[in-house]
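Q: Residue numbers (our numbering), protein chains in the order written: chain A, 104 to 362; chain B, 5 to 277.
Backbone N, C-alpha and C fix where the C-beta goes; we use that ideal spot for every residue, glycine too.
If you're wondering where the values come from, they're calculated on a predicted model, not measured in any experiment.
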Amino acid sequence: MTDGTAVELENVSVRKSERVLLDRINLRISNNEFVGIIGPNGAGKTSLLNVIAGFEKFNGRLRLFGRPETWSRGRRTRMRLGYVPQLFDIDPAFPILAKEAVMTGACGRAGLLRSPGKPEQEKTLALMEMMRVSHLAHRPLGYLSGGELQKISLARAILQRPEVLLLDEPTANLDIAVQKEVLDLIGELYERESVTILFVTHDFNLLPDAMERAVLLNHGKIVFDGNVDDALSGSMLSRLFEYPLETFVRAGRRFVSFG
Amino acid sequence: MPVQRALLACVLCGLSCSLLSVFIVLLRMPLMGVAMSHAAFAGAVLGMLAGAHPTLAGFVSCLIVAGILGPFSDRARLTPENALGILFSFLMGTAFLGLGILTRTKAGVLSLMWGNLMSITGRDLVLLSAVTAVLALFIVLFFKEIRAVLFHRRFAASCGVPERLIYYGLLFMVGAVVALNLSTVGGLLIFALLMQPGATALQLTYNLKLFFIISTLSGTGACVSGLLVSFYFDLPSGASVVLMATAIFIVACIVSPKRRAVKQGKQYAQKSG
């Protein structure tokens, strides 16, 4: 990667009809950073992630790994970006097993007309082991619970060996125990795989411990970019959500509550 | 021999349509078959108006619609079903407008709706065989990419699979198969064969390779058995094939091991989730 910068946005805007989803965003993310993209609903968090992932057209300049990129991009760049969405729907009758779903993450790297080899198969099993879903390998994907599906989705993205992992509210719609388990796994991945992580969320009470930097978005603009502790101050959050909020610390962790 | 040619055409139609049926069912695009049939129909009518060969004009029309559908749904931010619905209405309007203007050769155009198996030529068979072979080759060569796209288009794109190429390639294949089969088996039968075999396989397996095989066997089986029933009992061939396909689907639903498994799976998910 060039000069240690994984992602760089310069005056990036996204408009749909008359609505401005992102308004002249400037952001620079270094290699191996763990950055939270935080904001209320409709703040532009997912649009920002979609611009980086190549799912959204935009105006402005985007550089990935030191190279300028447009909305449409090649296989090599895509392979370097892993993507995990919110809980996704799958037809229970859909013909795919959990292990096969993870293996789809290796499709791009294997290239056309070549099947993923034994190393990818071993890595698949190792990742499923790490995600504590190896016992589900031969189970149809439609059988799995929401938490299990998210772990499969994470394993699939990691099998791709990405340099940047884009997580779009990966714990949304999961119960609190499973949320904690998925967050711990994300922290473990960050330690083991030396990957840059962009983590989109609107839930301050469930931020991974490893997250160092927070970017607060509102109405398509960055309103704060800095340390997580500074971002989670009562006055900052009240301004962001336009609602009185306060924070308190318990057992070394910061929590947000109504003011 | 016209009967042998009809049988062979029916087998090729069953093969090609039931292979495509896997995509139509798993991508949840049931309108695709009917929209493409109308694209071919509208193309044929416009071709006749312009003095061109109706099959060729229908083929070109299908390819144009297949080429438009992907970018149209992507750019207009419509779901493929909605994009298909809009295109379908437009094509139906165009076809019936052309039909209203045409005063002499309506019978020739209407045969595209019902087909005419007995009028199949050796050239038609060669074309059908070629398209079926290309489709089968496409599936074998790009199986892992196809699985990734069917599972989740965005996941496939994010891991470097040429998702648009595969998706648009499939749309073109649907266009080519529908247009070539239109004058032989007719638009209505094609629609049934683009849905029923895939829906049958969906009842029976979680293995995608087996899914293609079951779909192909049920589609081809429906074609051959339907044609034989129509031959021996002097019934309309298209209707017989559709009814046989429906009967196979109903049997698959009754014996489906997946229905039981899905129930157990839901219980499992509730316990472990």
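Please compile the residues from chain A whose C-beta is within a distance smaller than 9 angstroms of the C-beta of T98/B.
A: Under the 9 angstroms cutoff, chain A gives no residues; its nearest Cβ is about 29 angstroms from T98/B.
Q: Which of the three DSSP states is assigned to R122/A in this structure?
A: In this structure, R122/A counts as strand in the three-state DSSP scheme.
Q: Just curious, the alpha helix (DSSP H) that A18/B is in, first and last residue?
A: In the sequence on display, residue 18/B carries Gly and not Ala. From DSSP, the alpha helix (DSSP H) with G18/B extends over P6 to L30.
Q: Check whether the Cβ atoms of R181/A and G211/A lie closer than 8 angstroms to each other.
A: In this structure, G211/A lies closer than 8 angstroms to R181/A by Cβ.
Q: Could you tell me which uninterrupted alpha helix (DSSP H) segments, each at least 4 residues in length, are contained entirely in the segment 136 to 190 of chain B, listed from first to last along the chain?
A: List check, alpha helix (DSSP H) in window: 147 to 155, 157 to 162 and 167 to 189.
Q: Round the Cβ separation of A183/B and G102/B to the nearest angstrom and send it over; I've been treating them as touching at under 8 angstroms.
A: Not confirmed; about 16 angstroms, so no contact.
Q: In the segment 157 to 191 of chain B, which residues sit with their C-beta less than 8 angstroms from some C-beta in chain A, listed in chain order?
A: Answer in chain order: R158, F159, A160, A161, S162, C163, G164, V165 and P166.
Q: Let me check understanding here. Comparing Cα to Cα, which of V298/A, V352/A and R179/A lies closest to E266/A?
A: Minimum Cα distance to E266/A is reached at V298/A.
Q: For D271/A, which beta-bridge partners are listed by DSSP?
A: Paired residues: V303/A.
Q: Using a Cβ distance threshold of 8 angstroms, determine whether the segment 126 to 136 of chain A contacts the segment 318 to 329 of chain A, with at least three qualifying pairs required.
A: Because the criterion of three Cβ pairs below 8 angstroms is met, the segment 126 to 136 of chain A and the segment 318 to 329 of chain A touch.
Q: Determine the extent of the beta strand (DSSP E) in which T100/A is found, giving its start and end residues.
A: There is simply no residue 100/A to check, as chain A begins at 104 and stops at 362 in what is shown.
Q: Classify E111/A as buried or exposed, calling it buried when 16 or more other Cβ atoms lie within 10 Å of its own Cβ.
A: Under this definition E111/A is a buried residue.
Q: Run through the DSSP bridge pairs and tell me what L167/A is partnered with.
A: The partner list for L167/A (beta bridge, DSSP) reads V110/A and R170/A.
Q: Starting from the beta carbon of N211/B, find every residue of chain A whose beta carbon is closer than 7 angstroms, and list them in chain order.
A: The answer, in chain order, is P198.
Q: Is there a Cβ of chain B sitting closer than 8 angstroms to that of A204/A, yes or no?
A: At least one chain B Cβ lies under 8 angstroms of A204/A.
Q: Just the Cα atoms here: how many angstroms apart are K221/A and V255/B?
A: Those two C-alpha atoms are separated by around 40 angstroms.
Q: Once the 5 residues before and after P198/A are set aside, which same chain residues still bring their CB inside 8 angstroms of it?
A: Closer than 8 angstroms at Cβ, skipping near neighbours: P243.
Q: Within this structure, are the beta carbons of L53/B and L106/B separated by less than 8 angstroms?
A: Going by C-beta atoms, L53/B is nearer than 8 angstroms to L106/B.
Q: On the CB-based measure, 16 or more other CB atoms within 10 Å of its CB, does T125/B come out buried or exposed?
A: Classification of T125/B: exposed, given that the 10 Å Cβ count is below 16.
Q: With a cut-off of 8 angstroms, do at least 3 Cβ pairs link the segment 184 to 194 of chain A to the segment 259 to 275 of chain A?
A: The segment 184 to 194 of chain A is in contact with the segment 259 to 275 of chain A.
Q: Closer than 6 angstroms by C-beta to A317/A: which residues in its own chain qualify, once you throw out the five before and the five after it? Chain order, please.
A: Hits under 6 angstroms: G139, I141, V331 and A334.
Q: Kindly indicate which residue of L23/B, L16/B and N185/B has the alpha-carbon position closest to the one of M40/B.
A: Measuring from the Cα of M40/B, the nearest candidate turns out to be N185/B.
Q: Pull out every residue of the segment 126 to 152 of chain B whose Cβ sits closer than 9 angstroms to any Cβ of chain A, in chain order.
A: Listed in sequence order: L145, F146, F147, K148, E149, R151 and A152.
Q: Could one say the Cβ of P222/A lies closer than 8 angstroms to chain B's Cβ atoms, at least one of them?
A: No, its Cβ sits nowhere closer than 8 angstroms to a Cβ of chain B.
Q: List the endpoints of the continuous alpha helix (DSSP H) containing A99/B.
A: Run containing A99/B: P84 to I105, per the alpha helix (DSSP H) assignment.
Q: Which residue comes first and which comes last in the beta strand (DSSP E) that contains N330/A?
A: Its beta strand (DSSP E) spans residues K324 to N330.
Q: At a cut of 8 angstroms, does the segment 215 to 227 of chain B reach the segment 158 to 172 of chain B through at least three beta carbon pairs?
A: Contact between the segment 215 to 227 of chain B and the segment 158 to 172 of chain B is absent, because fewer than three Cβ pairs lie under 8 angstroms.
Q: Three-state secondary structure (DSSP) at G230/B?
A: If DSSP states are grouped into helix, strand and coil, G230/B belongs with the helices.
Q: Less than 8 angstroms between the beta carbons of R151/B and T207/A, yes or no?
A: Yes, Cβ-Cβ distance for R151/B and T207/A is below 8 angstroms.
Q: Which residue's Cα is closest to the Cα of L95/B: K213/B, G37/B, N120/B and C14/B?
A: Of the listed residues, the one whose Cα sits closest to L95/B is G37/B.
Q: Less than 8 angstroms between the C-beta atoms of L60/A and G157/A, yes or no?
A: Shown here, chain A extends from 104 to 362; a query on residue 60/A therefore has no answer.
Q: To which residues of the same chain is A273/B closer than 8 angstroms at the C-beta, ignoring the five residues directly before and after it?
A: Caution is warranted here: a pLDDT of 47 is assigned to A273/B, below 50, making its placement in the model unreliable, and no coordinate value can be reported.
Q: Residues bridged to L321/A by DSSP?
A: Note that residue 321/A is Asn in the sequence shown, not Leu. Bridge partners of N321/A: K324/A.
Q: Using C-beta distances below 6 angstroms, list every residue in its chain close to M233/A, excluding the 5 sequence neighbours before and after it, in chain order.
A: The answer is none, since no qualifying residue turns up.
Q: With a threshold of 8 angstroms between beta carbons, is A258/A in contact with chain C?
A: Within the model displayed, chain C is absent; protein chains A and B are what it includes.
Q: Within the same chain, show all residues whose beta-carbon is closer than 8 angstroms to that of Q189/A, passing over the 5 residues directly before and after it, in chain order.
A: The residues are D271, E272, P273, A275 and N276.
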